[in-house]
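K.L.:
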Amino acid sequence: MAAGGQPVNGAARKPSSPLGLHRVVEPAGVLPQAAVRLDPDAPLHEDEVRVDVEHLNLDAASYRQLYEAHGGDGEAVREAVCRIVRERGKMHNPATGSGGMLIGTVAETGPRSPLGLKPGDRVASLVSLTLTPLTLTDGLRDWDGLSERVPARGHAVLFGRSIAAALPADLPDELSLAVLDVCGAPALTARTVADHTARTGVTPTVAVLGAAGKSGSLALAAARRAGARRLVGVVPDAAEEAALNRSRLADTVVRADARDAVALVERLADCGGPVDITVVCTDVPGCEHAAILATRDGGTVIFFSMATSFPTAALGAEGLRADVTMLIGNGYQPGHAEQALDLVRTDPGVRGLFDRRLRHEDASERAPAASPTLTSLDSVTHRPAAPTGKLGLDPQLVSRARELAVRAGRPVVDLTRSHTTVAVERASLRLAGLSGADAEGIPWANRLVDAVRDQVGLEHGVALPVWHALRTGAGRDLTDLAARATARDVSFRLPDGDEAAAAVRTARRAMAGGLAVIDARRQERERLLSRWDGARGPLVYLIVATGDIHEDIRQASAAARGGADVIAVIRSTGQSLLDYVPHGATREGYAGTYATQENFRLMRAALDEVSGELGRYVRLTNYASGLCMPEIAVLAGFERLDMMLNDSMYGILFRDINPVRTFVDQRFSRQLHARAGIVINTGEDNYLTTADAVQAAHTVTASQLLNEYFGKEAGLKDAQLGLGHAFEIDPDLPDSFRMELSHALLARELFPDAPLKWMPPTRHMTGDVFRGYLLNGFFNLAGALTRQDILLVGMMTEAVVTPFLSDRDLALQNVRYVREAAGALEEDFRPAPGGMIARRADQVLREAVDLLERICDRGLLDAIAEGTFGGMRRPVEGGRGRDGVAERAPDYRNPAIELLDSTSDSDCESEGADQP
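Residue numbers 283 to 1198, in the numbering used here, belong to the letters of the sequence shown in order.
Structure representation (structure tokens):
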């Protein structure tokens, strides 16, 4: 390999450019997109990647132009595409200036390619075909010219600054390609909604033109997730109107021709008038003026349509005296592919619209009409996906399971968005800087929220009355105000108008300061992880629980030196039922240690010291559950905890905390964890301590799918979802170990990118320490065979005594032996197709789907009340903490929630989550 960027095979060519300048044939000196012709056949350069092409996906506007220019003659369309690629060395329609994207398999990578791809990877390009060198070798013989999706053979070249995404294993290729083709639209929509909220303090209204199309449906879903308060979908005909109404993506569906600006504005006037943000996703020209008139002064128009005339838009806005910001729909945003795929996985409305486009059961949907309409339907024929993974799971069944989990969970999310709790409001005050406690040990956050609730209620939130009081001189700061309120020296009232706006602005600055602290602590973790080598293999998770934080520190340090990667400090029994967070360092506790900010700080500092000594980062875990879940989440973010026990239903089932209280609190806490880069650990393993692990296996899978939806809806990434499951099958049952392997591998394949938390046997530990040690060895082996990420160390003295330090040492030896002896055995473990392990996994998944269907029919809250999970019956109006829940009033304001809602899909999307 010659220096200076010469080709891999040594041929003398132009020096390599990450921008692809060396591939430009004419005119010289321009970028590949502006070039008339590219050279796709020159030898590969050291920073390039060659992809063997499988399919092209033509841009909708480009395909429509070709189809209409050739009168619907598919053969002529095919020849036109071949001619363009042959003459230009790329697929760049000269009439529309657009191209599309491709999928294929990586054939060769240059040694200095920064794309992170390797030969054999199946990928989709996320840059336009208009700048991608392309050669076709099959004359497109397998394409009839009547659809945007083009079976093709040939090769393409990706530059150093190209973008490509690995095709996900859990979605059909056709669907992935359709989503990735437009993945820039939801990302920029979400960012624009977030920017508007941050700039104005008000969540925006959004209209999408072409709302039932690919980019349109994703834009609606992204706007909703980013916090938009009213969504209007504009569609051209009755069929798309019905489809969009069924999807429930838009609050209002308007049928109108988006090229008729006057008529569209009249229709919008009937449903609330102009909006703050308009997103143009149509595939025909002439929609520029309608989009501008649909947007109020000070608003934003995003043009994603390749049919947009930007001179028309600019001159039209000037002529209409429209004070709007106009954005060109950039197809790239950090994290855009992951965000779009997540939307289609988790939002059944989006998935339904995409599936509609992929089916095309009649010929009228397979090709555009002869005269242009505003529809943007793909013309891809759906093919059943082949079974995948070691278990041969049916991809359609997996998709169905996720769709049902979203359907079951969405009404609960809607409920959380319409309620608040005392814990959410207290956590918001803690974010704003309120800490400490009075002489009786009652936290100032409790005192202040209680005072506000007594005087003006909780339904408006505490931000309005508290910061109005501060602005009018009722206290020097939050602590002083809390003290005065406790002494009944403050009269709170609800401001309105300019006073309310000023109070919210001041509160937002204070709460944003708390989020900035959490951001800084996350960045600190990332620096430490890059400094100290991470753990190899599963993270070894070990518990300490003495009640005395200083003794916990000694035991945790010893455990880390003995090989533990994660230290979990068990909370004192009953803390989950305390409706306040104790303050300061504690030296007493029953079967655990109190979770306090000072205890977090002390343990974090001690583990940092040990991490430096060992040269590897030791993670710290605690519990964000119970009646103070959101507050503990704030404190965990402040003190750089790495994992938190945070299950959507554990408090309901096993602590009898009110279901509404729990779901409201857990959503806010998970938003905080997402922002902090914390990995949550869910509690499905607990179900198997009260229900049979064979008969109830499907409830674990169903709960994992629900936890995945709730987590992602709150902004958590896959790498932050430590979904729980356990080795709890009765070892006396025939084939018990094979069933354990089946259940564990099912979880692994359903959630391939989640750091699964694998829990050891407890229910069937009898006190026979020799048998227990053997069971734990089998547990460790199952974890190695199925690639479990977080492995809790099993104690052979479980159910006999609180473990001694010597017990922990022996347990760690067990883990180390199995881990080192097994090595990479997981890659050799492949259950027989159709064998007992595969059949059992299929059975559990199908039972989970059946259960989720029943839950959708009657509602998740009713299912919980009927004892579906863990055998515990918990009615929606019962349980502890119900009196701490309030339904939000129309003027409810909580800047912390607004900031987290608006930034979960934008500010943090490029950072990713800390890998376990």
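For glycine and all other residues, C-beta sits at the position ideal for the given N, C-alpha and C.
Nothing here was measured: the structure is a model prediction, and the numbers come from that model.
On a Cα-Cα basis, can you pick out the residue from Asp605, Arg431, Ile584 and Lys672 that is closest to Asp1124?
P.N.:
Translated into positions along the sequence shown, residue 1124 becomes position 842. If we check each option's Cα against that of Asp1124, Lys672 comes out closest.
K.L.:
Just to confirm, are Ala476 and Val490 a CB contact at a threshold of 8 angstroms?
P.N.:
For the purposes of this step, residue 476 is taken as residue 194 along the sequence shown, with counting starting at 1. For the purposes of this step, residue 490 is taken as residue 208 along the sequence shown, with counting starting at 1. Cβ distance not < 8 angstroms, so Ala476 and Val490 don't count as in contact.
K.L.:
Under 6 angstroms Cβ to Cβ from Thr387, same chain only, skipping five residues before and after it: list those, please.
P.N.:
Taking the first residue of the sequence shown as position 1, residue 387 is located at position 105. Closer than 6 angstroms at the Cβ level, and outside the excluded window around Thr387, lie Asp334 and Arg404.
K.L.:
Would you mind reading off the limits of the alpha helix (DSSP H) that contains Arg1140?
P.N.:
Taking the sequence shown and counting its residues from 1, the one referred to as residue 1140 is at position 858. Taken as a continuous stretch (DSSP letters only), the alpha helix (DSSP H) holding Arg1140 covers Met1118 to Arg1140.
K.L.:
Specify the secondary structure class of Ile1179 as computed by DSSP and reduced to three states.
P.N.:
The sequence position of residue 1179 within the sequence shown is 897, counting from 1. Three-state DSSP puts Ile1179 in a helix.
K.L.:
Whose C-alpha, out of Arg813, Ala978 and Thr971, is nearest the C-alpha of Gly897?
P.N.:
Numbered from its first residue, the sequence shown carries residue 897 at position 615. Nearest option by C-alpha distance: Arg813.
K.L.:
Please state whether DSSP places Ala802 in a helix, a strand or coil.
P.N.:
Residue mapping note: residue 802 aligns to position 520 of the sequence shown, counting from 1. It is helical.
K.L.:
Please report how far the alpha carbon of Pro1016 lies from the alpha carbon of Glu1022, in whole angstroms.
P.N.:
By 1-based counting over the sequence shown, the position of residue 1016 is 734. By 1-based counting over the sequence shown, the position of residue 1022 is 740. Roughly 11 angstroms between the two C-alpha positions.
K.L.:
Inspect the beta-carbon positions of Arg1170 and Thr702 and report whether they are closer than 8 angstroms.
P.N.:
Reading the sequence shown from its first residue, position 888 is the one you call residue 1170. Reading the sequence shown from its first residue, position 420 is the one you call residue 702. Contact: yes.
K.L.:
Please classify Thr855: is it buried, with 16 or more other beta-carbons within 10 angstroms of its beta-carbon, or exposed?
P.N.:
As a position in the sequence shown, residue 855 is number 573, starting the count at 1. Label assigned to Thr855: exposed.
K.L.:
Using only CA atoms, which one of Asp762, Glu456 and Glu330 lies nearest to Leu640?
P.N.:
Numbered from 1 along the sequence shown, position 358 holds the residue referred to as residue 640. Nearest of Asp762, Glu456 and Glu330 to Leu640, Cα basis: Glu456.
K.L.:
Using 8 angstroms as the cut-off, can you tell me whether the stretch 1075–1095 makes contact with the stretch 821–840, which would need three or more C-beta pairs spanning the two stretches below that distance?
P.N.:
They touch, by the three-pair rule.
K.L.:
Could I get the ranges of all uninterrupted alpha helix (DSSP H) runs contained in the stretch 941–977, with 4 residues as the minimum, in chain order?
P.N.:
Entirely contained in the stretch 941–977, the alpha helix (DSSP H) runs reaching 4 residues are, in chain order, 941–958 and 969–972.
K.L.:
Roughly how many angstroms lie between the CA atoms of Phe774 and Leu697, to the nearest whole one?
P.N.:
Position 492 of the sequence shown holds residue 774. Position 415 of the sequence shown holds residue 697. Approximately 28 angstroms between the Cα atoms of the pair.
K.L.:
Within 10 angstroms of its Cβ, does Thr582 collect 16 or more other Cβ (buried), or is it exposed?
P.N.:
Mapped onto the sequence shown, residue 582 falls at position 300. Buried, because 16 or more other Cβ atoms sit within 10 Å of the Cβ of Thr582.
K.L.:
At which residues does the alpha helix (DSSP H) containing Gly933 begin and terminate?
P.N.:
Here residue 933 is taken as the residue at index 651 of the sequence shown, counted from 1. Tyr932 to Arg937 is the span of the alpha helix (DSSP H), which, as asked, contains Gly933.
K.L.:
Please classify Arg804 as buried or exposed, where buried requires at least 16 other C-beta atoms within 10 Å of its C-beta.
P.N.:
Here residue 804 is taken as the residue at index 522 of the sequence shown, counted from 1. Buried, by the Cβ-count rule.
K.L.:
Please name the residue in Gly757, Pro777 and Asp778 whose C-alpha comes closest to that of Arg770.
P.N.:
Taking the first residue of the sequence shown as position 1, residue 770 is located at position 488. Residue Gly757 is the option with its Cα nearest to Arg770.
K.L.:
Counting pairs of Cβ atoms below 8 angstroms between the stretch 326–341 and the stretch 388–407, do you hit three or more?
P.N.:
Counting Cβ pairs under 8 angstroms, three or more are found: they touch.
K.L.:
Check whether the Cβ atoms of Leu988 and Ala727 lie closer than 8 angstroms to each other.
P.N.:
As a first step, residue 988 must be located in the sequence shown, where it is residue number 706. As a first step, residue 727 must be located in the sequence shown, where it is residue number 445. No. Outside cutoff.
K.L.:
Which residues in the same chain as Leu1063 place their Cβ atom closer than 6 angstroms to its Cβ, once the five residues preceding and following it in sequence are excluded?
P.N.:
By one-based count along the sequence shown, residue 1063 stands at place 781. Cβ neighbours of Leu1063 beyond the five flanking positions: Val1100.
K.L.:
At which residues does the alpha helix (DSSP H) containing Trp1271 begin and terminate?
P.N.:
The structure shown has nothing for residue 1271, since the chain only spans 283 to 1198.
K.L.:
When you compare the CB positions of Ala709 and Pro912, do they come within less than 8 angstroms of one another, or not?
P.N.:
Taking the first residue of the sequence shown as 1, we reach residue 709 at position 427. Taking the first residue of the sequence shown as 1, we reach residue 912 at position 630. Cβ distance < 8 angstroms, so Ala709 and Pro912 count as in contact.
K.L.:
Let me confirm a value: Ile385 is counted as buried when at least 16 other C-beta atoms fall within 10 Å, else exposed. Which label applies?
P.N.:
Here the question's residue 385 lines up with position 103 in the sequence shown. Label assigned to Ile385: buried.
K.L.:
Expressed to the nearest angstrom, what Euclidean distance is found between the alpha-carbon atoms of Cys465 and Thr564?
P.N.:
Counting from 1 along the sequence shown, the entry for residue 465 is found at position 183. Counting from 1 along the sequence shown, the entry for residue 564 is found at position 282. Each residue's Cα considered, the two are about 15 angstroms apart.
K.L.:
Identify, in the order they occur along the chain, each residue of the same chain with its Cβ nearer than 7 angstroms to the Cβ of Ala532, setting aside the five sequence neighbours on each side.
P.N.:
Taking the sequence shown and counting its residues from 1, the one referred to as residue 532 is at position 250. Taken in chain order, the residues that qualify are Ala493, Leu502, Leu513, Val514, Gly515 and Leu526.
K.L.:
Between the C-alpha atoms of Leu301 and Glu350, what's the straight-line distance to the nearest angstrom?
P.N.:
Taking the first residue of the sequence shown as position 1, residue 301 is located at position 19. Taking the first residue of the sequence shown as position 1, residue 350 is located at position 68. Distance between the alpha carbons of Leu301 and Glu350 is about 34 angstroms.
K.L.:
Taking only three categories from DSSP, how would you classify Arg512?
P.N.:
As a first step, residue 512 is located in the sequence shown; it is residue number 230 there, counting from the start. Note: Arg512 maps to strand in three-state DSSP.
K.L.:
Compute the distance between the beta-carbons of His1046 and Val1126, then report whether it is under 8 angstroms.
P.N.:
Position 764 of the sequence shown, counting from 1, holds the residue named residue 1046. Position 844 of the sequence shown, counting from 1, holds the residue named residue 1126. No. Outside cutoff.
K.L.:
In angstroms with no decimal places, state the Cα-to-Cα distance between His437 and Leu416.
P.N.:
The residue you call residue 437 lines up with position 155 of the sequence shown. The residue you call residue 416 lines up with position 134 of the sequence shown. If I take the Cα positions, the gap works out to 6 angstroms.
K.L.:
CB Gly1216 to CB Leu970, shorter than 8 angstroms?
P.N.:
Limits of the chain in this structure are 283 at one end and 1198 at the other, which puts residue 1216 out of reach.
K.L.:
So within the stretch 390–450, which uninterrupted beta strand (DSSP E) runs reach at least 3 residues, ignoring any that extend past its ends?
P.N.:
If we require 3 residues or more, the beta strand (DSSP E) runs fully inside the stretch 390–450 come out as 404–407, 416–418, 431–440 and 446–448.
K.L.:
Would you kindly work out how many angstroms separate the C-alpha atoms of Thr474 and Pro616, rounded to a whole number?
P.N.:
For the purposes of this step, residue 474 is identified with residue 192 of the sequence shown, where counting begins at 1. For the purposes of this step, residue 616 is identified with residue 334 of the sequence shown, where counting begins at 1. Answer to the nearest angstrom: the Cα atoms are 14 angstroms apart.
K.L.:
Suppose contacts are defined by Cβ-Cβ distances below 8 angstroms. Is Leu763 in contact with Ile831 by that definition?
P.N.:
The residue labelled residue 763 in the question sits at position 481 within the sequence shown. The residue labelled residue 831 in the question sits at position 549 within the sequence shown. Contact flag unset, no.
K.L.:
Going along the chain, which residues of its own chain have a beta-carbon closer than 8 angstroms to the beta-carbon of Glu1108, five neighbours each way excluded?
P.N.:
For the purposes of this step, residue 1108 is taken as residue 826 along the sequence shown, with counting starting at 1. Answer for Glu1108: Ala1066, Leu1067, Thr1068 and Arg1069, listed in chain order.
K.L.:
Helix, strand or coil for Gly495? Go by DSSP, reduced to three states.
P.N.:
Start at 1 with the first residue of the sequence shown, and residue 495 comes out as number 213. Three-state DSSP puts Gly495 in coil, outside helix and strand.
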